[in-house]
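Worksheet for the structure shown next.
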Amino acid sequence: MLSLSSLLKRTLPLVIQSAEAHRKPRWLPVAKSKIYRIPKRPVISEEERLELLRLHNNYKTQMRSIKRFYHEEMIKEKSSRESASSEMSQRIEAEEWARCVELNEKWNAQVALDRQERRKLEMAEQDEYALKRMERADVLQKERIAKASEEIRRQKELSPTFITPETLEAAIDHAIANPTDYNFAIDLKGNRYEGRDVQITYAKENKAAKSASA
Amino acid sequence: MSLPPASGTGRYFAKAAKSIRLIRQGCTNRPFFHISVTHRRRINSQPVIEQLGSYDPMPNTNNEKLVALNLERIKYWLGNGAHISTPVAELLGLSGFLPIHPRSYMVAWRNRHTERENLAKLEAEKAKAAEAPST
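If you read the protein sequences in the order shown, they are chains P and F.
According to this note's numbering, the first sequence is numbered sequentially starting from 1.
According to this note's numbering, the second sequence is numbered sequentially starting from 1001.
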């Protein structure tokens, strides 16, 4: 059975989009209409042939030398890479490492100084911010207390008019003795007529009625 | 299943012959090529060992055919004895990395030849036209 890992690690894709998909397969014979077709051979003149031969010879010679050059360069590079692990190069590397460490420590010290200064500034800023907030909270609290005390004072002034259990009877008597009627009517001109059972006298209309009767 | 990835996933055999070739990656009516190194006996639809550049044969708005080449890696593969296909050799020759390929010269002189012939034909026609009204 096909394992999943082998399926995932395959080099060939499952479905190949072949560029030659539209071509006729190799095993199909020549089409009937093309059996006696003879492809035209390219005509190359003798002069051109000789010129091409010369050019190709030159090109091949040059390419051979170029390829050899790159091959030798590769070999040289490989050998230099192998010699990189020698004692001399190791010593040089160690020196370089020490120099780098020194430089890094210097940079670290500088950065630490900068950081301390920055932290101081930041702490001062935070303190200032906190103090400001506290002051603002104090002011708000004071304002609130003042408001409350003002309210208390106002209520104390009003306290003689409050109805207490002792004065309740008297207040009820007073209310019964002085009934108040909040009902009122209003006419088209905006005149108010207080009370529910008030007789309304239409002054102007009466006059008009009188004139009409007269 | 998508197409095989463009670069670097092909199986690599150190001793097998390699070739640097153009691999068509465009779609219908839009050719586009990767310049890749693969095994010489491997078909183009398989994953390549490494992509070394690209070639767009259709001229862009500035009438340029763009070619990108990773010359360092081409040098490396040439040093490892990779073969170069003719189209890639032509491109490398025109880019100045290798000597000009003989095929480029051939195409050039053939183009010049046809142009000269066309010009001669045009002149002959003109001469005929000039002769015709006089007679």
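Where a beta carbon is used, it is the ideal one built from N, C-alpha and C, also for glycine.
Being a predicted model, the structure only gives us computed values, none of them experimental.
What is the DSSP secondary structure of residue i, reduced to helix, strand or coil?
| i | result |
| --- | --- |
| residue 1033 of chain F | strand |
| residue 180 of chain P | coil |
| residue 161 of chain P | helix |
| residue 69 of chain P | helix |
| residue 152 of chain P | helix |
| residue 1091 of chain F | helix |
| residue 31 of chain P | coil |
| residue 36 of chain P | coil |
| residue 198 of chain P | coil |
| residue 86 of chain P | coil |
| residue 121 of chain P | helix |
| residue 1133 of chain F | helix |
| residue 1156 of chain F | The question about residue 1156 of chain F has no answer here: the residues shown for chain F are numbered 1001 through 1135. |
| residue 1116 of chain F | helix |
| residue 22 of chain P | coil |
| residue 1001 of chain F | Its pLDDT being 40, under 50, residue 1001 of chain F is placed unreliably by the model, and the measurement read from it follows with that caveat. Residue 1001 of chain F falls in the coil class under three-state DSSP. |
| residue 214 of chain P | Legend: pLDDT at residue 214 of chain P = 44, less than 50; position of this residue unreliable, value from coordinates given subsequently. Coil, per DSSP. |
Tell me, please, which residues DSSP counts as bridged to residue i.
| i | result |
| --- | --- |
| residue 192 of chain P | P:186 |
| residue 1084 of chain F | F:1020 |
How is the alpha helix (DSSP H) around residue i delimited, first residue to last?
| i | result |
| --- | --- |
| residue 174 of chain P | 168-177 |
| residue 26 of chain P | No alpha helix (DSSP H) contains residue 26 of chain P, which DSSP labels as neither H nor E. |
| residue 45 of chain P | That residue, residue 45 of chain P, is in no alpha helix (DSSP H); it is neither H nor E in DSSP. |
| residue 8 of chain P | 4-8 |
Give the list of continuous beta strand (DSSP E) stretches no shorter than 3 residues that lie fully inside the segment 1003-1079 of chain F. Whole beta strand (DSSP E) segments, 3+ residues: 1018-1024, 1033-1039, 1050-1055, 1067-1069.
For the segment 73-92 of chain P, which residues have a beta carbon sitting closer than 9 Å to at least one beta carbon of chain F? 73, 74, 75, 77
If the cut-off is 8 Å on Cβ atoms, which residues from the segment 1066-1081 of chain F count as contacting chain P, listed in chain order? 1075, 1076, 1078, 1079, 1080, 1081
Note down, in chain order, all residues in the segment 110-135 of chain P with a beta-carbon under 8 Å from any beta-carbon belonging to chain F. none
Check each residue of the segment 1103-1127 of chain F: if its Cβ is closer than 7 Å to any Cβ of chain P, include it; give the result in chain order. 1105, 1106
Short-range partners of chain P found in the segment 1083-1100 of chain F, where Cβ spacing is below 7 Å: If the cut-off is 7 Å between Cβ atoms, the segment 1083-1100 of chain F has 1098, 1099 near chain P.
Report the residues of the segment 49-61 of chain P with a CB closer than 7 Å to any CB of chain F, ordered along the chain. Only 52, 55, 56, 59 from the segment 49-61 of chain P bring a Cβ to less than 7 Å from some Cβ of chain F.
Quick one: which residues of the segment 28-50 of chain P get their C-beta closer than 9 Å to a C-beta of chain F? List them in chain order. Cβ contacts with chain F come from 48.
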